[in-house]
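In the working numbering, the protein residues as written are 838 to 1126.
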């Protein structure tokens, strides 16, 4: 009798989750599979895409051309630097936010989340106005007797704008982890003679590592696949993988090559993020015994 009840409950669970699974398959799995198939289609500039013929030439070109290596390397080091800066800025900011009292905590939390309500394109244009040749930054430098600097269409512009866009995605997971942290543990460590730096390093950081890990994965994944910021602030000189895919699809009209680059970006992103997740989780478990 108990076995029949368990089977019925299992069937009900599958039935209840069927709409979500169908949505997941139709909006994510099927488009990914179609992109994977497209990456193997033959392409010719005179006749276009041949859906009945398949080749691995696109992946061979991707692996054999140093031009693609340079763009992928640039994408990943910019994403890694963006993630590092978000950790350095976001973790202390989340800690300060968690120690604020009402109503300041709610006010500053709203201020952190407010930029998410503004389009990334609008924020990119805002940074272009600030960092341009006649922008506010260069005008300030000239007002203090300095010479104007080339800030726009540089990796600096891309990184600083990505940090601005991605910072809330770092602060919120860390802040959520800090809400689960018992302040008595910090007070106990301080009462036993530990310094504030030691408390942060030995007590707080090990317990909020799940939040830091979640934030780094989100920020790195979004930064590596970002299109608007590199396209508007990096220009044609500072190409990243997302802008390269855009060029292949809309400028070259070579959809199979664009699909191959997209698949390669997805696989490399997964490899880096899974490796990072495994390494940090191992250290987290070790630090907590």
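Glycine included, each C-beta is placed from N, C-alpha and C at the ideal position.
None of the values given here were measured: they were computed from a predicted structure.
- Ranking 987, 1023 and 1051 by CA distance to the CA of residue 1008 puts 1051 first.
- By the 16-neighbour rule on beta-carbons within 10 angstroms, residue 1017 is exposed.
- Listed in chain order, the alpha helix (DSSP H) elements of length 4 or more contained wholly in the segment 1003-1078 are 1020-1028, 1033-1036 and 1042-1061.
- Of 935, 1112, 1114 and 1060, the smallest CA-CA separation from residue 913 is found for 1060.
- Here residue 981 is exposed, its C-beta having fewer than 16 other C-beta atoms within 10 Å.
- Within 10 angstroms of the beta-carbon of residue 1049 lie 16 or more other beta-carbons, which makes it buried.
- Residue 1022 and residue 1116 have their C-alpha atoms some 26 Å from each other.
- Leaving aside the five residues that flank residue 986 on each side, the residues in its chain whose CB is nearer than 7 Å to its CB run, in chain order, 975 and 978.
- Where residue 880 is concerned, the enclosing beta strand (DSSP E) starts and stops at 878-881.
- Non-local beta-carbon contacts of residue 1012 in its own chain, meaning distances under 7 Å to residues more than five positions away in sequence, involve 931, 934 and 935 in chain order.
- Under the three-state reduction of DSSP output, residue 971 falls in the coil class, being neither helix nor strand.
- The C-beta of residue 964 has 16 or more other C-beta atoms within 10 Å across all chains shown, which makes the residue buried.
- Between residue 1000 and residue 1080, the gap from beta carbon to beta carbon reaches 7 Å or more.
- In the structure shown, residue 902 adopts coil according to DSSP, grouped into three states.
- Here DSSP, grouped into helix, strand and coil, assigns residue 1101 to helix.
- In this structure, the alpha-carbon of residue 1034 lies about 17 Å from that of residue 1015.
- Of the candidates 949, 896 and 969, 896 places its Cα closest to the Cα of residue 1094.
- The C-beta of residue 878 has 16 or more other C-beta atoms within 10 Å across all chains shown, which makes the residue buried.
- Taking the Cα of residue 1088 as reference, the smallest distance to any Cα among 853, 1119 and 882 is reached at 882.
- Separation of the CB atoms of residue 990 and residue 1074 is rounded to 6 Å, and the pair is thereby assigned contact status at 8 Å.
- The Cβ-Cβ distance between residue 1076 and residue 915 does not fall below 7 Å.
- When rounded, the separation of the alpha-carbon atoms in residue 869 and residue 945 is 39 Å.
- Boundaries of the alpha helix (DSSP H) harbouring residue 867: 867-875, taken from the DSSP string.
- Inclusion of residue 1003 and residue 957 in the CB contact set at 7 Å is not warranted, their separation being larger than that value.
- Cβ neighbours of residue 1100 within its own chain (closer than 7 Å, five residues either side excluded): 872, 873 and 876.
- Separation of the CB atoms of residue 1098 and residue 1078 is rounded to 6 Å, and the pair is thereby assigned contact status at 8 Å.
- With a minimum length of 4 residues, the unbroken runs of alpha helix (DSSP H) contained wholly in the segment 935-1005 fall at 941-950, 957-968 and 973-980.
- The C-beta of residue 1085 has 16 or more other C-beta atoms within 10 Å across all chains shown, which makes the residue buried.
- Distance from the CA of residue 1027 to the CA of residue 927, rounded to the nearest whole angstrom, comes to 24 Å.
- Across the structure, residue 1091 and residue 1072 are spaced so that their CA atoms are roughly 21 Å apart.
- Between residue 1070 and residue 970, the C-beta gap is not smaller than 7 Å, which leaves the two residues out of contact.
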